[in-house]
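Trainee: In this note's numbering, the protein residues as written are 4 to 201. For every residue, glycine included, the Cβ atom is placed at its ideal position computed from N, Cα and C.
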Amino acid sequence: MQIITVTGYKGGVGKSTSAIHIAAYLARNQKTILIDGDPNRTALNWSQRGEMPFTVADERQAMRLITGHDFVVIDTPARPNSDDLQELAKGCDLLILPTTPDVVSLEPMLAIANDVEDARYRALLTIVPPYPSKEGETMRNELIANGLPTFQSMIRRSAAFQKAALAGKPVNQMSGRDRIPWNDFEALGKEIMEVLRK
Numbered sequence: 004m005q006i007i008t009v010t011g012y013k014g015g016v017g018k019s020t021s022a023i024h025i026a027a028y029l030a031r032n033q034k035t036i037l038i039d040g041d042p043n044r045t046a047l048n049w050s051q052r053g054e055m056p057f058t059v060a061d062e063r064q065a066m067r068l069i070t071g072h073d074f075v076v077i078d079t080p081a082r083p084n085s086d087d088l089q090e091l092a093k094g095c096d097l098l099i100l101p102t103t104p105d106v107v108s109l110e111p112m113l114a115i116a117n118d119v120e121d122a123r124y125r126a127l128l129t130i131v132p133p134y135p136s137k138e139g140e141t142m143r144n145e146l147i148a149n150g151l152p153t154f155q156s157m158i159r160r161s162a163a164f165q166k167a168a169l170a171g172k173p174v175n176q177m178s179g180r181d182r183i184p185w186n187d188f189e190a191l192g193k194e195i196m197e198v199l200r201k
């Protein structure tokens with residue numbers, strides 16, 4: 004069983020949306036459970052409005068349901084303290100740190116990197132303005148220049164995520180243009196698998 008934890012020092016960076024779609028990617032070929040540890044219960048609420056292709060559980064339910072799963076994706080509370088972050092990093096195979104492409108997000112990301120420097124982690128740019136904006140690329144270059152391992156894939160901003168949340172399913176189960184954002188998670192999923200194989 005491999006554990007992927009999604010966390011960050013800042014709220015509103017697409018953490019839960021990322022956790023849900025990472026789980027959806029993994030669930031295509033492996034038995035996957037998403038543990039919703041965020042007090043907002045975004046993943047649980049999202050799943051209760053429809054049907055997810057993976058198990059979603061809170062921390063208490065997870066103890067009963069976790070056996071037999073190939074992947075565990077954990078959606079944590081936002082803004083963990085330094086000690087909690089270090090424990091999260093030690094307890095997983097990959098720590099994913101979503102961040103938005105703005106200068107205000109850079110300092111918290113550098114602080115996180117300092118706390119988890121010995122762990123296997125990657126920064127993930129989320130809510131990235133679509134082309135022709137260069138904000139995502141600029142921030143990715145800044146993160147890399149500061150020594151933070153960063154996914155090449157970026158998750159673009161899209162209203163389709165809100166529509167999918169209302170429908171209670173991930174965007175890969177949406178139709179038409181609302182399915183387009185799945186391409187970003189498809190690319191991210193391939194990168195995640197490469198990191199886990201190393």
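Do L127 and I158 have their C-beta atoms within less than 8 Å of each other?
Mentor: Numbered from 1 along the sequence shown, position 124 holds the residue referred to as residue 127. Numbered from 1 along the sequence shown, position 155 holds the residue referred to as residue 158. Going by C-beta atoms, L127 is nearer than 8 Å to I158.
Trainee: When you compare each of P173, F74, E145 to G53 by their alpha carbons, which one comes out closest?
Mentor: The residue given as residue 53 occupies position 50 in the sequence shown. The option with the nearest alpha carbon to G53 is P173.
Trainee: According to DSSP, what are the bridge partners of F74?
Mentor: Residue 74 sits at position 71 when you count from the first residue of the sequence shown. BP columns for F74 point to Q5, T35.
Trainee: Looking only at its chain, what residues have a beta carbon closer than 7 Å to the beta carbon of P111, apart from the 5 residues adjacent to it on each side?
Mentor: Walking along the sequence shown from the start, residue 111 turns up at place 108. Only Y12, K13 meet the Cβ criterion.
Trainee: I believe V131 touches Q89 by the beta-carbon criterion, under 8 Å. Please report the beta-carbon distance rounded to the nearest angstrom.
Mentor: Position 128 of the sequence shown holds residue 131. Position 86 of the sequence shown holds residue 89. With 8 Å as the limit, V131 and Q89 do not qualify as a contact, their Cβ atoms being about 28 Å apart.
Trainee: For the 8 Å Cβ check, are there 3 or more pairs between the stretch 38-51 and the stretch 68-83?
Mentor: The stretch 38-51 is in contact with the stretch 68-83.
Trainee: Pick helix, strand or coil for F164, following the three-state DSSP scheme.
Mentor: As a working mapping, residue 164 is identified with position 161 in the sequence shown. Helix, per DSSP.
Trainee: What is the rounded straight-line gap between the Cα of N175 and the Cα of A167?
Mentor: One-based indexing of the sequence shown puts residue 175 at position 172. One-based indexing of the sequence shown puts residue 167 at position 164. Cα-Cα distance, rounded: 9 Å.
Trainee: Give the DSSP bridge partners of R159, in chain order.
Mentor: Taking the sequence shown and counting its residues from 1, one reaches residue 159 at position 156. Per DSSP, V131.
Trainee: For S108, which residues from the same chain have a beta carbon less than 8 Å from its beta carbon, with the 5 sequence-adjacent residues on both sides left out?
Mentor: The residue labelled residue 108 in the question sits at position 105 within the sequence shown. For S108, where only same-chain residues beyond five positions count, the Cβ hits under 8 Å are K13, V16, T102, M142.
Trainee: With a cut-off of 8 Å on the beta carbons, I'd call S156 and P184 a contact; round off their distance for me.
Mentor: Position 153 of the sequence shown holds residue 156. Position 181 of the sequence shown holds residue 184. Rounded, the Cβ-Cβ distance is 12 Å, inconsistent with contact.
Trainee: From what residue to what residue does the beta strand (DSSP E) around T103 run?
Mentor: Indexing the sequence shown from 1 puts residue 103 at position 100. Premise fails: T103 is in no beta strand (DSSP E) and is neither H nor E.
Trainee: Please confirm whether K93 and A122 have their CB atoms less than 8 Å apart.
Mentor: Numbered from its first residue, the sequence shown carries residue 93 at position 90. Numbered from its first residue, the sequence shown carries residue 122 at position 119. Contact: yes.
Trainee: Mind checking D50: buried by the 16 CB within 10 Å criterion, or exposed?
Mentor: What you label residue 50 is simply residue 47 of the sequence shown in a count that begins at 1. Just to set this straight, residue 50 is Ser in the shown sequence, not Asp. Buried.
Trainee: Quick check on A30: buried or exposed, where buried means 16 or more other Cβ atoms within 10 Å of its Cβ?
Mentor: Within the sequence shown, the letter at position 27 stands for residue 30. A30 is buried by the Cβ-count criterion.
Trainee: Comparing C-alpha positions only, which one of F57, Q33, S19, R125 sits nearest to L151?
Mentor: Within the sequence shown, numbered from 1, the residue matching residue 151 stands at position 148. Per the Cα distances, R125.
Trainee: I need the straight-line Cα distance from A116 to T153, nearest angstrom please.
Mentor: Locating residue 116 in the sequence shown gives position 113, counting from the first residue. Locating residue 153 in the sequence shown gives position 150, counting from the first residue. Their Cα atoms are separated by approximately 11 Å.
Trainee: Locate the beta strand (DSSP E) running through A92, then write down its first and last residues.
Mentor: Here residue 92 corresponds to residue number 89 of the sequence shown, with the count starting at 1. Taken as a continuous stretch (DSSP letters only), A92 belongs to no beta strand (DSSP E), being part of the alpha helix (DSSP H) at 85-93.
Trainee: In whole angstroms, give me the CA-to-CA distance for M4 and R182.
Mentor: Mapped onto the sequence shown, residue 4 falls at position 1. Mapped onto the sequence shown, residue 182 falls at position 179. Going by the C-alpha atoms only, they are around 29 Å apart.
Trainee: Given A163, which residues of its chain have a CB within under 8 Å of its CB, disregarding the five upstream and five downstream residues?
Mentor: Translated into positions along the sequence shown, residue 163 becomes position 160. Counting only Cβ-Cβ distances below 8 Å, and skipping sequence neighbours, we find V174, M177, R180, D181, R182, I183, P184.
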